[in-house]
Amino acid sequence: MISRISIWAGEILGVMFLAWCVVTFCLQTVTVHGESMMPSYGDGDMVLINKLEYRLHEPKRLDPVALELENGTSTHYTVKRVIACPGETLQILDGEVYINGEKTDCGFKEKILSAGLASYEIKLSENEYFVMGDNCNNSEDSRVANIGNIDRSRFLGKVTATVKRK
1358 MISRISIWAG EILGVMFLAW CVVTFCLQTV TVHGESMMPS YGDGDMVLIN
1408 KLEYRLHEPK RLDPVALELE NGTSTHYTVK RVIACPGETL QILDGEVYIN
1458 GEKTDCGFKE KILSAGLASY EIKLSENEYF VMGDNCNNSE DSRVANIGNI
1508 DRSRFLGKVT ATVKRK
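Taking this note's numbering, the leading residue of the sequence shown gets 1358, the next gets one more, and so forth.
Set out below in structure tokens:
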């Protein structure tokens, strides 16, 4: 009887440890706040973050990503899309994105009304990314000074699935 209980307790502890490893190192959920990623992700949508993806590979242009940003004294998660990667130059001219001097289609439904910091050419250094919301005219992103270019260490992971709010 005692050996059965010990085996059962060991199995429960093993499953708990495995669940902890998955949550800590592989997957996490984040709730989207606001409409900056519309139509891809809306306010209240829950997204599944693959934290393991960026331990194995570098983020790529147009990847939807979860970021950990500081807001004064607190830290929060936000979802944005990678627009430019380390070593690239970026500029927004006449409502269009130019990467390394070439006009690039980032999938925005509208012309970008405010270039912000990107009205001048931005050269991304090693480990820096430029991110924007899909709803480019209603998004606080790398174009504003309090966010700016995002360091690679701020990436929580890649958005891999969504549960739409009702």
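Where a beta carbon is used, it is the ideal one built from N, C-alpha and C, also for glycine. Treat the numbers as computed from the prediction; the structure is a model and nothing was measured.
Beta-bridge analysis with DSSP links residue 1429 to no other residue. In terms of Cβ geometry, residue 1487 and residue 1447 form a close pair [threshold 9 Å]. A residue is called buried once 16 or more other Cβ atoms fall within 10 Å of its Cβ, and residue 1485 is buried on that count. Listed in chain order, the non-local C-beta contacts of residue 1509 below 6 Å within the same chain comprise 1484, local neighbours out to five positions each way being set aside. Residue burial is scored here from C-beta neighbours: residue 1432 has fewer than 16 other C-beta atoms within 10 angstroms and is therefore classed as exposed. Residue 1485: member of the beta strand (DSSP E) spanning 1485-1489, first to last residue. Distances from the CA of residue 1493 to each of 1515, 1514, 1457 and 1452 were compared; the closest alpha carbon is that of 1452.
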